[in-house]
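Just so you know, we're using UniProt numbering here: the sequence shown kicks off at 1 and counts up by one.
From the three backbone atoms N, C-alpha and C, an ideal C-beta is built for every residue, glycine too.
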Amino acid sequence: MDDKRINIQRFTQWLDTMAKDMEKHGDDLYFKGAARSYRLTFEILQSGIFDIKDSEDSEASLK
1 MDDKRINIQR FTQWLDTMAK DMEKHGDDLY FKGAARSYRL TFEILQSGIF DIKDSEDSEA
61 SLK
């Protein structure tokens, strides 16, 4: 697999699905923590903090 880029839409859908699945387990601290982690990662991606164009330019400069 030469193309190392990910599909952000699919990744955020996966994060949301994983968070929902973890939340189904209720009060177990492991699952609560995992759900929070997935939600936080989802929120970070949604915030726009990662600029895909900047990432591509940065990667190109390393080659």
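(message) Using only the alpha-carbon positions, how far apart do Asp-21 and Ala-35 sit?
(response) In the sequence shown, residue 21 corresponds to position 21, counting from 1. In the sequence shown, residue 35 corresponds to position 35, counting from 1. So the alpha carbons of these two residues sit roughly 8 angstroms apart.
(request) Could you check the C-alpha separation between residue 66 and Leu-45 for me, to the nearest Å? (result) Since the first residue of the chain shown is 1 and the last is 63, residue 66 is not available in this structure.
(request) Could you please give the first and the last residue of the uninterrupted alpha helix (DSSP H) stretch that includes Phe-42? (result) Translated into positions along the sequence shown, residue 42 becomes position 42. Where Phe-42 is concerned, the enclosing alpha helix (DSSP H) stretches over 29–47.
(request) Would you mind stating whether Phe-42 and Ala-19 have Cβ atoms separated by less than 8 angstroms? (result) As a working note, residue 42 is residue 42 in the sequence shown. As a working note, residue 19 is residue 19 in the sequence shown. In this structure, Ala-19 lies closer than 8 angstroms to Phe-42 by Cβ.
(request) Output yes or no for whether 8 angstroms exceeds the beta carbon distance between Leu-15 and Tyr-30. (result) The count along the sequence shown starts at 1 and reaches residue 15 at position 15. The count along the sequence shown starts at 1 and reaches residue 30 at position 30. The Cβ atoms of Leu-15 and Tyr-30 do not sit closer than 8 angstroms to each other.
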